[in-house]
Amino acid sequence: MDDQQPSISALINNGGQRSYSSQAASLPSVRSLPRQAPSLPPRASDQERYVTSEGIESVRKKIDTDLKQFFTDVKTYVDDTDLSFPGWGALGSLLIGFQYSHIQNDVRQKADDGHDTADAMATALGVVKTNWRNAEDANTVVYQ
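FYI, in the UniProt record's numbering the residues of the sequence shown are 1 to 144.
In structure tokens, the structure reads:
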């Protein structure tokens, strides 16, 4: 028998309560745990990171084309799973059909929300790109 599991007679004598005193002694104290996360490895913290207006535009284009198209496709997939009345049968339509159409409508709404959010992000990134480009131009030294 596993020494971690008390015997049935020990459980009966103890009122059904398990005793974990031997296990609790082996757990580390909260005070012995580290108080802060370890630092990043040198290769990750030494890298230079540059943001450019071209990089912002690249992200904006990906959102505007790929992400918005993804949410449009999700709505199409949901429409493809629609079942007409006899699909679930008379009793199945009452039990499953109503909930199924409710879930379909919920997914359609979430896809619309995702599309609207992606559209707003693309618009905002267009403004960010313009502002970033203006900052890049203002930071350029002009020699006379």
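Ideal Cβ placement from N, Cα and C applies to all residues, glycine included.
Glycine 92 and leucine 83 have their C-alpha atoms some 12 Å from each other. When Met121, Val107 and Gly97 are compared, the shortest CA-CA separation from glutamate 57 is found for Met121. By a beta-carbon distance limit of 8 Å, glycine 114 contacts phenylalanine 71. Their separation comes to about 4 Å.
Nearest in C-alpha terms to aspartate 112, of all of Ile96, Tyr100 and Val78, is Val78. Assigned with DSSP and collapsed to three states, tryptophan 132 falls in helix. Runs of the alpha helix (DSSP H) lying entirely within the stretch 74 to 112 and spanning at least 4 residues, in chain order: 89 to 92.
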